[in-house]
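Those protein sequence lines, which keep their order, are chains B and A. Using the numbering used here, you'd call the opening residue of the first sequence number 73 and step up by one each time. Using the numbering used here, you'd call the opening residue of the second sequence number 944 and step up by one each time. Note that the Cβ used here is the ideal one computed from N, Cα and C, for glycine as well. For reference, the structure discussed in these notes is given below.
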Amino acid sequence: MSILETKEISKQYPGTLALNQVSVSFESGKINALVGKNGSGKSTLVNIFSGAVKQTSGQFFLDGKELSFSSPEDAQNHGVATVYQELSLIPGLTVAENIFIGRLPVKGFSIDWKKTYKMAQDLLDELGIDISPKEVISNLTAWQCQMVEIAKAMSHNPKILQLDEPTSSLAQNEVESLFKIIRNLKKKNVIIIYITHKLQELSQIADNVTVLRDGKLIGVREIAGLPHQELINMMFGNVEIKSRPADLKYSDEVILDVRHISDGRKVKDASFQLHKGEVLGIAGMLGSGRTELLSCIFGAQQAISGEISFQGKKIEKPTPTKMNNLGMAMTQEDRKRIGLNLNGTIGQNLCYASLNRLGNSFIVDRAKEKQFINRQINDLAIKVSSTDYQVSSLSGGNQQKVVVGNWLNIEPQVILFDEPSRGIDVNAKQQIFKIVWDQAARGVSSVIVSTELEELIEVCHRIVIMRGGKTYETVLPEEITIEKLYSMCMGE
Amino acid sequence: MEKSNSSVLAKILRKYTLEIILILTIIVLSFLSPYFLTVNNLFNILRNISLQGVIAFGMTIVIVAGELDISISSSVALTGVITALVAGNLESAGIMSRSAGVIPGMILSLIVSIIIGFMNGWLVTKYKIPAMIVTLAMQNILYGIAALISKGFPVITLPNWYSFIGSGRVFKVVPFPVVILLIFFFITFFLLSYTKYGRAVFAVGGNAEAARLSGLNVKKTKIISFILIQVCCWFSGIMLSSQVMSGTFTFAKGWEMTAISSVVIGGASIAGGIGNMWGTMLGIIFLGVLTNGMTLLNVNDYTQYVVRGALIIFAVLLSATQQHHNN
C-alpha cells in the first residue's frame, strides 16, 4: 500500500489564496473522490500533483519521500499520471500508437509494430478494456476514448492516477462501463484521485470523499453512510446571500419569448419568457446546454427549430449583427478567447458593438467615441490610468467590465450574460451584479447563465432550471435553498 | 534620476526604432556615395518605390484584417495587358483612336480588378480556404489569362499621353507616381485610423470571433480589404504599363514579396490585428533606399537579394522581441 500526503500546502495567486494550508492524505487501493464548488481549490491541488503548478509553501510526500516536480513531464516520470477532461488523443492514429506515443518500440531503424500491438493488447486486456489496439481513434466514441486515455495513463505504471471529471461528456450507460474499469484499477497498487462535481456518482464509485471549500480542507469522509445533506453542507457552507434590492420589480410585459429551441446537439427543447426589467437566471450543470441556448437566441449559432420573439416581433434567422441592431447584447463566457480583442486598446474594445452608432457617416465621430468610452469607464468604475492601454493589461474583473461596457454602449433592451462572474474575484462579482441591477432599474432585462447557483439566488427574480438541453420548472429564489436548487439541476 | 532617463531613452528607441535605423542608413549611404543625397536621386528612389508602395498600403489593410494576398503581381500585369488590348482593338475596329480608347480600357481593367478582389475575398470567407492558397491559385490563373489574351507578346497599343501617368513630372520636378503614392498614403492612412471600416479591420484581424460576436460583419470587412488591395494593384498596373508603354504579362514578378516585406518591416503582425500605414511607408522607403544604395555602390544583384531577405528576418525578429518586451 502506498500513501500520498500533503503537509500544509498553499498556493497564492495574485489576489487570491487558491489553497490555504491543506494537509490531507490519499491511499492506494481506494477511490478517493475530491469535490468542491468552483474556486474551491481542487483544480489547483490536482495541478500541483501533476506538476503543472508549483505550490507557494508546504510539501507533499509519497510514502514519506518528498516530491517536487519541475514540469508535467517530470511529474509523469515520477509516477503521476493525470487524465484531463479535454482528451489528448490524436484522432488520426491508432489506439496502440496513442498509448505508446513518443516511446514506440523499435527494431533496427523501423517501428516494431508487432511488439507495439502486442504490448497494447496486453495492457487493454489487463484493464478489461474491449477495444482493438489497431482501431483508429477517430472511429471511437467519447467513452471509448476516455478508456484509451486511462490505458495510456496506466501504461506509464503510475503510482498516482488523477482522473479529472472523466464522465463529464458521457451518457449514463457509458458511465457504468467506465466505472467498471476504474473499480478494476483498485486491485493495482495505485493511488486514485477522482475529481468530480457530480455528487450522485460518489456512492457508485468512490470509497471516501475529500471536500475543499475556498482553498481550505473541510474534511474527509467515508462515502458509506454519509448523508447527502451533510456533503452539501460541507461543499457550500453556510452561504450568506446578499440579495438584489427589494424594490427592483419587473413589469408584466414580455420582451423576449423563447419557445422550443433546439440546435440538434446540446439544446433539445428550451423555452422561457423574459419580462421587461427582469433578471432571469438559467441554472444548470456544465454541459446542460445553457451557453448554446443563449448562442441560439443571439444568433451566434443556428437553431434548427423553435421560435424567438423579441419585442413582440418574430425573429427569423438571428445573427449577432441583426440582434445587435435590434438592441440585444450577449457577453461571452470566455472573454480572452472570444470576448475581447486583446491586441486592441481598452477604448477600442469598449466601442466594437457600438461601432455603427459612432456618428452617421463612415468616419468615426471621435467626440462621440470619447463620450461612449468615458461613460462606461465612469458608470462601471473601470480602473484605468489611460484608455489607450491594451485591454490585456487589465485585471480579470476589469476586463469583464469592458466586455459588459462594450454592450452597454448600444443601450440594449436585453442582455444575455454567459457566466459573467467567471474568473473574477468576489468584489468584482458584486460590482458586475450591481451593474445588472442598475440596468434592470432602467427597464433593461437580463438573462444570466451561471454554474455558481448561489449567485443566481442572489441576483435573479426568477430561475429557470435546465438539464440535458431541456428547460424544466421555474423557481423563485425566495422559495428555494441552494441545496434544493442544486438537486434540481442534477435531476434528483 | 539617471535610471529614469535611460528608461525614457530606451522607450524612445523602441518606439522609433525604424525611423532611427532609416536615418542611420541614409547617413551611412550619403558618406559612401556622393551622388546618394541629391534631389534627383531622392526623387528617383521615391519614383522607384511608388509602384510597389501603392500596393503595400493595400497589403497593410489586408494583413491587419488577418489575411494575405499574393495574387497581386499577376493582377498588376493583367491590368496593363487589358488596358492596352482594349485601346488597340477599339482603334483597329475603327471605333475610336487609341488616345480615347485607353479610357474604356482602364475602366474595364478596373472592373476586372474589383471582381478579382471580390473572388479572393469570397472564396476565403465563404469557404474558409486559407488566403495563401486562394491567392496563390489566383496568381497562377491571372498570369495564365494575361499570357493567353496577349498571346505571349507585349501589347504596345498605348497612346502617347498615357506615358505621363508613369513618367511625367509635376512642376517638372516631382514624378507623377510619387504624387499618387502620397495621395494613396493619406487615403489609406485615413481609412485605417479614422473610419468605422478601419476600426472593424483591426477588430476582425485581432479576434475574428470576438468581432463577429460583437455584431461586426467579418466577411464583409475581409472582402472589402481584398477589393481595396486589387484597386491598389490597378493603379500600380496603370503606372507600370505607362512607364514601359506596354502591357506585358510577365510584369511585376515577385512584387508580392516587396509589398509583404514593407508591411512586416513596418511593424505589422502577419497574424493580423496589428499594423499601421506610417510603418509601412517607412518600410517601403527603407527598402527603396537600401536597393538604391546597393546599386550605387555596385553591389551585385544577387547579393542584393540576400541582403533584402536577411533584412526581413531581422525586422520580424525585432518586432517579435519588442512584443516580448511589452508583455
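Interface partners of residue i on chain B, CB under 7 Å
i, result
"S950/A", "Going along chain B, no residue has its Cβ under 7 Å from S950/A, so there is no contact; the nearest lies around 17 Å."
"I1217/A", "N415"
"L1011/A", "What L1011/A touches in chain B: nothing, since even the nearest Cβ is about 17 Å away."
Chain A residues whose Cβ lies nearer than 7 Å to that of residue i
i, result
"L430/B", "K1139"
"V436/B", "Y1137, T1138, K1139 and R1142"
"Y544/B", "Residues of chain A passing the Cβ test: none, with the nearest at roughly 28 Å."
For residue j and residue i, believed in contact at Cβ under 8 Å, the rounded distance
i, j, result
"S1106/A", "S1185/A", "6 Å"
"S518/B", "F489/B", "6 Å"
"L298/B", "I264/B", "About 19 Å; that fails the 8 Å criterion."
"E294/B", "T363/B", "That pair is no contact at about 37 Å."
"A1074/A", "G1048/A", "The Cβ separation is near 29 Å, so there is no contact."
"T1100/A", "D1012/A", "Not a contact, Cβ separation roughly 29 Å."
"A999/A", "S1205/A", "4 Å"
"I1015/A", "V1055/A", "The Cβ separation is near 14 Å, so there is no contact."
"V118/B", "I254/B", "With a Cβ gap of about 16 Å, V118/B and I254/B do not count as contacting."
Beta-bridge pairing of residue i - partner residues as DSSP gives them
i, result
"E99/B", "I75/B"
"R534/B", "L352/B"
"N280/B", "N104/B and E294/B"
"D329/B", "Q345/B and S381/B"
"E491/B", "In the DSSP output, where bridge partners are listed per residue, E491/B has none listed."
"L1053/A", "According to DSSP, L1053/A bridges with nothing at all."
"P891/A", "Residue 891/A is absent from the model: chain A starts at 944 and stops at 1270."
"V155/B", "L235/B"
"M400/B", "V486/B"
"T88/B", "Y85/B"
"K386/B", "S381/B"
For residue j and residue i, the rounded distance between their alpha carbons
i, j, result
"I1059/A", "L328/B", "44 Å"
"K258/B", "L199/B", "11 Å"
"P549/B", "V475/B", "27 Å"
"Q345/B", "S465/B", "39 Å"
"D460/B", "K394/B", "29 Å"
"F986/A", "E441/B", "40 Å"
"Q503/B", "G1001/A", "44 Å"
"R1305/A", "G468/B", "Absent from the model: residue 1305/A. The displayed extent of chain A is 944 to 1270, so no value can be given."
"G1222/A", "G399/B", "38 Å"
"L139/B", "L235/B", "20 Å"
"L366/B", "M402/B", "8 Å"
"N1269/A", "G151/B", "Summary for N1269/A: the model assigns pLDDT 45, below 50, so the residue's position carries little reliability, and this model does not support an answer."
"G1215/A", "D184/B", "45 Å"
"S112/B", "G378/B", "38 Å"
"I313/B", "E530/B", "Residue confidence for I313/B is low, a pLDDT of 49 falling below 50, so the modelled location carries little weight and cannot support an answer."
"V1067/A", "W215/B", "36 Å"
"K109/B", "I1228/A", "59 Å"
"K408/B", "T239/B", "27 Å"
"S1212/A", "A1258/A", "11 Å"
"K114/B", "I103/B", "16 Å"
"A372/B", "T391/B", "6 Å"
"G1218/A", "I955/A", "19 Å"
N- and C-terminal bounds of the beta strand (DSSP E) containing residue i
i, result
"N1083/A", "Unbroken run through N1083/A is the alpha helix (DSSP H), A1074 to I1092; no beta strand (DSSP E)."
"L187/B", "The amino acid occupying residue 187/B in the given sequence is Lys; Leu does not appear at that position. That residue, K187/B, is in no beta strand (DSSP E); its alpha helix (DSSP H) goes W185 to L199."
"T1022/A", "Careful: T1022/A lies outside any beta strand (DSSP E), inside the alpha helix (DSSP H) at I1015 to S1035."
"V519/B", "S517 to S522"
"Q995/A", "Premise fails: Q995/A lies in the alpha helix (DSSP H), V982 to V1007, not in any beta strand (DSSP E)."
"T543/B", "K542 to V547"
"L139/B", "K137 to L139"
"S129/B", "S129 to L134"
Residue i - containing alpha helix (DSSP H), residue span
i, result
"D146/B", "P144 to N149"
"M1200/A", "W1198 to I1208"
"K231/B", "Where K231/B is concerned, there is no enclosing alpha helix (DSSP H), given that its DSSP letter is neither H nor E."
"L161/B", "From DSSP, L161/B is part of no alpha helix (DSSP H); its letter is neither H nor E."
"N1173/A", "Going by the sequence as given, residue 1173/A is Gln instead of Asn. First-last of the alpha helix (DSSP H) with Q1173/A: V1161 to V1187."
"I264/B", "Note, I264/B: premise wrong, no alpha helix (DSSP H); beta strand (DSSP E) at I263 to I267."
Neighbour list for residue i in chain B, Cβ cutoff strictly below 8 Å
i, result
"N1063/A", "Per Cβ cutoff of 8 Å: no residues; N1063/A is ~23 Å from chain B at best."
"F1145/A", "N413, N415, G416 and Q420"
Neighbouring residues, chain A, relative to residue i (Cβ below 9 Å)
i, result
"I410/B", "N1150, E1152, A1153, R1155 and L1156"
"Y322/B", "Residues of chain A passing the Cβ test: none, with the nearest at roughly 26 Å."
Any non-hydrogen atom of the ligand NAD closer than 6 Å to residue i Cβ
i, result
"I1046/A", "The model depicted lacks the ligand NAD and carries no ligand whatsoever."
Listed by chain order, chain A residues near residue i by CB distance under 8 Å
i, result
"Q404/B", "A1153 and L1156"
| Against chain E: residues of the segment 1222-1245 of chain A by CB proximity under 7 Å | Judged by its chain identifiers, the structure shown contains no chain E, and its protein chains are B and A.
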